[in-house]
Structure formats: structure tokens, C-alpha cells
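A.B. asks: Got a structure for you, written out below as C-alpha cells; questions coming shortly.
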Amino acid sequence: MKIYRTAVIGCGRIGSLFSKDPLRKGVVTHAAAYKDNSNTELVAACDINKDRLKEFGATWGVRSLYTNIKKMLSKEGIDIISICTPSRSHYAVLKESVKFQPKAVFCEKPLADSVKDGEKMEKLCKKNNILLQVGHQRRFDPLHINLRKFITGKKMGEVQQANFYYTAGVKNTGSHMFDLLRFFFGDAEWIEAFFSKNESGKVEDPNLDGVLKFKNGLFSTFQACDVKKYLLFELNCLLEGGRIILKDSGFSLEVYKTGESKYFSGYRQLCKTKKLFNTKYKRDFLANAVTHLLDCINKKKESVSSGKDGLAALKIIEGALFSADHDGKR
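And the structure:
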């Protein structure tokens, strides 16, 4: 297989710095994912922060360091570009990047700061025949993939209700949340949202509470907690034949099956059971994402986390913010 030349634009947390966290195990940044893959070579990086750029070079052994995107791309012949800058700059960075005809752009979530910019990004990549993959990491994880098959295959019957608990903002964590809800339950029909009493700590990215209706008739609530108290990213899925709780930010799973009630004659209850399928996978979401990206390039196919998927999650976010601004208007 060809060795693809890669570059990271934005050397902050998801681009590089998360790899310095001793509690984060495995491949947790774009830089680490490219270094981990034998078919990619991390050759360059770009950031406006010179100290951060220097640190990136020292950490990953990269000598070609730039503060100007155009200069980097004109000199380095990059095949795959990772956009790891704040979402408000994604469109501008991608617009400049596509001029140099990379084979793929791996863009962090949310896709953009607005649906309007997200639509432009998707159109630009399609027009230039560039693969666009969005960093909704759980789509590349075997546990989440198998859980989706379990739910859509109705192994425990139809889904009755779902609710999601999250922290740290409707754009930041909410992007992962809404994308995962779509991944499991399909496209959304409408949303109603309200500003949460539990603040996110970021004025530009508030916490929202609300309800989402899917086109298949399912309802899901989403409720925010204060990230200063604890981190939370948890899906509670109630099916006809049991209950599944995806917890610990997606790293663990609790499963319940129905059985005869111990307390009330003629009724059934939820009983905790062993895992329904193997969950002992290598949980390197970003390593899997890069492997998948290369497969999509080589087979000329769309990513499982495409620009279209990223745009759909962005539309839900924008809809939620509009609803909250209009006192819960659907």
C-alpha cells in the first residue's frame, strides 16, 4: 500500500496535546494516529502558536513546521490533512486546503460553526473529489458498531425510549451526542430545546436540555449536567426486551434482560446480565479512524463518518440553539 503524507493543522488538544495526558490510554490524537499507522507518514504541522508548534515538532519528530497553511501545503505535497483548529475556522481552513488537492480531509467535530459553512465545506470536497471524514470517533469503535447492529437488528425488540446525559456544551459534547443518536436511531424529525440550569462554563457553547423526535417515531430526551461536578456522556436505551446503558463516555456497557419480577406477581422486571457481545476490543478510536480513512481512499468509498453525517449533526445543534433562543419552539 502507498505511504500517505499527512499534516495536522491545529496542534492543540485533539491534534496533539491529549497524548500527554497520562490517564488517556492508546492513540488519542490525530498526530498519534498518523504515527501509529504504517501507511501514513506525519510530515508537517501548522499552528499560529509558535510555542505549541515547536512542542508538536519535538513530541512527534516533525521538522516541517509552519504558521501559514498555504506555505505548508504548497511545499509539502500532503495527501491527508487533519483540521484540528476551533470549529469557527474549519471552513476557512478547508477552503484553503482544497486548493492543493489532497486526497482526504479529516476534520474535527463539529464540522463547522454554522450549517451554512458546513454545507459549503461538503460541496467544496465533492466538487474537488476530496474525501471528507468528520471526527465523530465512536463511529469507528467496534463496541459502538456492534451495539448499533444489535439495536437496529432488534435483538431485544423495538426501542421504547432513549435518554442521553452529557456535559460540556451542546456544540462540543453535543456534537458527539447527536451524531451517536443518529448512528443508532436514524434521522431526526424535530427538536425542542431549552437552556439548562446546569451551565457549561462557556458562553459561546451553552448546555441545553430537550427532546428529539426521530423519523421512525422514537423520542429521546437529552439533559445536561455541570462538567465542573463530573464528566458525563451516557445513553440509556430502553427496549422491549431489556435495557442497555452506554456509560463512561462510551468505554463500558451495562445490559439488562427482562425476567419474572421478584416483587410483583404477573409482572416482569429488568435484570442485570452479562454482556451480550464481546467488548474486549482495542479501543483506539482515532487509530481506527485513520485505518478506515485509508480504506475509503483506496476503495473510493464514502466514510462511515462522512461530511453528510457531520452536517446532519450540525443541523441538530443549530436547531437546538434556535429552539432554545425561542423558548422551546419546535
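Residues in the sequence shown are numbered from 30 upward in steps of one, following the working numbering. We put the CB at the ideal spot given by N, CA and C, even for glycine. Predicted, not measured: the structure shown is a model, and the values here were computed from it.
I think Met-222 touches Ala-349, with their Cβ atoms under 8 Å apart; what is that distance to the nearest whole Å?
C.D. replies: A small correction: the amino acid at residue 222 is Ala; Met does not occupy that position in the sequence shown. With 8 Å as the limit, Ala-222 and Ala-349 qualify as a contact, their Cβ atoms being about 4 Å apart.
A.B. asks: Helix, strand or coil: which one does DSSP assign to Cys-325?
C.D. replies: In the structure shown, Cys-325 sits in a helix (DSSP, three-state: H, G or I).
A.B. asks: So, do the stretch 172-179 and the stretch 189-208 have three or more beta carbon pairs nearer to each other than 8 Å?
C.D. replies: No: the two stretches stay apart, fewer than three of their Cβ pairs being nearer than 8 Å.
A.B. asks: Measuring CA to CA, which of Leu-275, Lys-242 and Ala-61 is closest to Asn-317?
C.D. replies: Considering only alpha carbons, the answer is Ala-61.
A.B. asks: Does DSSP classify Ala-36 as helix, strand or coil?
C.D. replies: Here Ala-36 sits in strand by DSSP.
A.B. asks: What are the boundary residues of the beta strand (DSSP E) that includes Glu-221?
C.D. replies: Run containing Glu-221: 217-224, per the beta strand (DSSP E) assignment.
A.B. asks: Rounded to whole angstroms, what is the Cα-Cα separation between Leu-172 and Ile-180?
C.D. replies: Leu-172 and Ile-180: Cα-Cα distance of roughly 12 Å.
A.B. asks: Are the CB atoms of Leu-241 and Phe-248 nearer to each other than 9 Å?
C.D. replies: Contact flag set, yes.
A.B. asks: How would you write the range of the beta strand (DSSP E) that Ser-111 sits in, first residue to last?
C.D. replies: Where Ser-111 is concerned, the enclosing beta strand (DSSP E) stretches over 109-112.
A.B. asks: Do you know how far the Cα of Gln-189 is from the Cα of Glu-269?
C.D. replies: Between Glu-269 and Gln-189, the C-alpha separation is close to 6 Å.
A.B. asks: Touch check for the stretch 160-171 and the stretch 129-137: three-plus C-beta pairs under 8 Å?
C.D. replies: With a cut-off of 8 Å, the stretch 129-137 and the stretch 160-171 count as touching, because enough Cβ pairs lie within range.
A.B. asks: CB Leu-71 to CB Tyr-63, shorter than 9 Å?
C.D. replies: Yes, the pair counts as a contact, with Cβ atoms nearer than the cut-off.
A.B. asks: Quick one: which unbroken beta strand (DSSP E) runs of 3-plus residues sit fully inside the stretch 248-305? Chain order, please.
C.D. replies: For the stretch 248-305, whole beta strand (DSSP E) runs of length 3 or above, ordered along the chain, are 248-254, 262-268, 271-276, 281-289 and 297-302.
A.B. asks: Terminal residues of the continuous beta strand (DSSP E) containing Asp-238?
C.D. replies: Counting along the chain, the beta strand (DSSP E) containing Asp-238 begins and ends at 237-243.
A.B. asks: Return the Cβ separation of Gly-39 and Thr-114 in integer angstroms, given the expectation that the two are a contact with Cβ distance under 8 Å.
C.D. replies: About 4 Å; that satisfies the 8 Å criterion.
A.B. asks: Which residue comes first and which comes last in the alpha helix (DSSP H) that contains Thr-202?
C.D. replies: Taken as a continuous stretch (DSSP letters only), Thr-202 belongs to no alpha helix (DSSP H), as it is neither H nor E.
A.B. asks: State the Cα-Cα distance for the pair Phe-214 and Ser-93, rounded to the nearest angstrom.
C.D. replies: Distance between the alpha carbons of Phe-214 and Ser-93 is about 44 Å.
A.B. asks: Using a Cβ-Cβ cut-off of 6 Å (strictly less than) and excluding sequence neighbours within five positions of Val-144, which residues of its own chain qualify?
C.D. replies: Contacts found: Leu-343, Lys-344 and Glu-347.
A.B. asks: Under 8 Å: does the beta carbon of Arg-211 sit that close to some heavy atom of the ligand SAH?
C.D. replies: The ligand SAH is absent from the structure shown, which contains no ligands of any kind.
A.B. asks: Can you give me the start and stop residues for the beta strand (DSSP E) that Ala-133 sits inside?
C.D. replies: Looking at the DSSP string, the run of the beta strand (DSSP E) that includes Ala-133 is 133-136.
A.B. asks: So, with DSSP's three-state summary, where would you put Gln-190?
C.D. replies: Of the three classes helix, strand and coil, the one that applies to Gln-190 here is strand, per DSSP.
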